[in-house]
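2 protein chains.
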Amino acid sequence: MKQDIFQAISDPTRRAILTLIAIQALTPNAMAEKFDMTRQAVSKHIKVLHECELIKPEHRGREIYYHFNAKKMQEFDNWLAQFRQSWEIQFNQLDELLSTIKEQKR
Amino acid sequence: MKQDIFQAISDPTRRAILTLIAIQALTPNAMAEKFDMTRQAVSKHIKVLHECELIKPEHRGREIYYHFNAKKMQEFDNWLAQFRQSWEIQFNQLDELLSTIKEQKR
DNA sequence: TATATATGCAACTTTTTAGTTGCGCAAATA
DNA sequence: TATTTGCGCAACTAAAAAGTTGCATATATA
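Structure below.
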């Protein structure tokens, strides 16, 4: 199945992996040590993240360092953009409400 | 089960619902008409979105208008913030690379 | 070259999720 | 008051996802 980034970040373990490697590239083994699960389970999460290109492998001998792909993460940001206007409006309305309450107190 | 916003937005139908009601509040029936699925299926998606407070109900007689809760969507934005620095760095590096290539062409 | 290590893939089990049908309740309307 | 309409909840089914064990492959090292 073709993975999409929304499905990829819906899993807490995968989010944790992303947070870790955003700081520093890690091998699958290094990741598995951080979580209470088998290496193979982590490996499956890596596969999901790799398929949707949120991470990129760098082969160094028999080790594979996975890097965070910031560019792909921006797709979320783009999706979120459609709602930004909404929340700015809603907060402006809140401001107005607060101003009104303030006025009434006088 | 306690829903979280990441799981909530991982479903395409739920993302479509959010996009719709960000523009205008809708009743479950109105939403169901937009999608090729039963009203009950939509109702379950509404439940998920409501439980994690991405939408808010407004009761009008026997109808319920669901509103988009922009404030909750910002949690997503906050989570994304931890990666912003990463992608700025990665893009700066890309800029440098492009500059280097440009230099070499001279 | 034999062995240890790092990793991915396949098969299987368990859990979760998406969707369905059927039902009950409350508000609107004839 | 009887009926229709809007909605949520429960039980069930089907599909997908998370995790396990076992195995194969490639690189490093004794």
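Protein sequence lines, in the order shown, are assigned to chains U and G. Under the UniProt record's numbering, think of the first position of the first sequence as 1, with each following residue one higher. Under the UniProt record's numbering, think of the first position of the second sequence as 1, with each following residue one higher. All residues carry an ideal CB built from backbone N, CA and C; glycine is no exception. Fair warning: this is a prediction, and the values are worked out from it, not measured in the lab.
Using DSSP bridges, identify the partner residues of residue i.
| i | result |
| --- | --- |
| residue 45/G | DSSP, once it has assigned bridges, lists no residue as partnering residue 45/G. |
| residue 56/G | 67/G |
With H, G and I counted as helix, E and B as strand and the rest as coil, what does DSSP make of residue i?
| i | result |
| --- | --- |
| residue 26/G | strand |
| residue 68/G | strand |
| residue 77/G | helix |
| residue 38/U | coil |
| residue 90/U | helix |
| residue 84/U | helix |
| residue 14/G | helix |
| residue 3/U | coil |
| residue 106/G | Confidence at residue 106/G is low in this model, with a pLDDT of 48, below 50, so its placement is unreliable and the value that follows should be read with caution. Coil. |
Going straight from the alpha carbon of residue i to that of residue j, what length do you get?
| i | j | result |
| --- | --- | --- |
| residue 65/U | residue 4/G | 30 Å |
| residue 87/U | residue 69/G | 8 Å |
| residue 30/U | residue 20/U | 10 Å |
| residue 60/U | residue 27/U | 10 Å |
| residue 47/G | residue 92/G | 43 Å |
| residue 16/U | residue 50/G | 25 Å |
| residue 72/G | residue 22/U | 24 Å |
| residue 77/G | residue 85/G | 13 Å |
| residue 32/U | residue 89/G | 27 Å |
| residue 34/U | residue 42/U | 10 Å |
| residue 37/U | residue 13/G | 31 Å |
| residue 83/G | residue 62/G | 44 Å |
| residue 25/G | residue 56/G | 9 Å |
| residue 75/U | residue 52/G | 23 Å |
Closer than 6 Å: is that where the CB of residue i sits relative to any heavy atom of the ligand HEM?
| i | result |
| --- | --- |
| residue 29/U | The ligand HEM is not part of this structure, which contains no ligands at all. |
Rounded to the nearest angstrom, how far is the Cβ of residue i from that of residue j, given a contact under 8 Å?
| i | j | result |
| --- | --- | --- |
| residue 40/G | residue 10/U | Not quite, the Cβ-Cβ distance comes to about 23 Å (not below 8 Å), so this is no contact. |
| residue 18/U | residue 54/U | 7 Å |
| residue 58/G | residue 67/G | 6 Å |
Where the region 59 to 84 of chain U meets chain G: residues whose CB sits under 7 Å from a CB there: Against chain G - using a Cβ distance shorter than 7 Å - the residues of the region 59 to 84 of chain U are 68, 70, 71, 73, 74, 76, 77, 80, 82, 83.
According to a CB-to-CB cut-off of less than 9 Å, which residues of the region 11 to 34 of chain G neighbour chain U? 11, 12, 15, 18, 19, 22, 23
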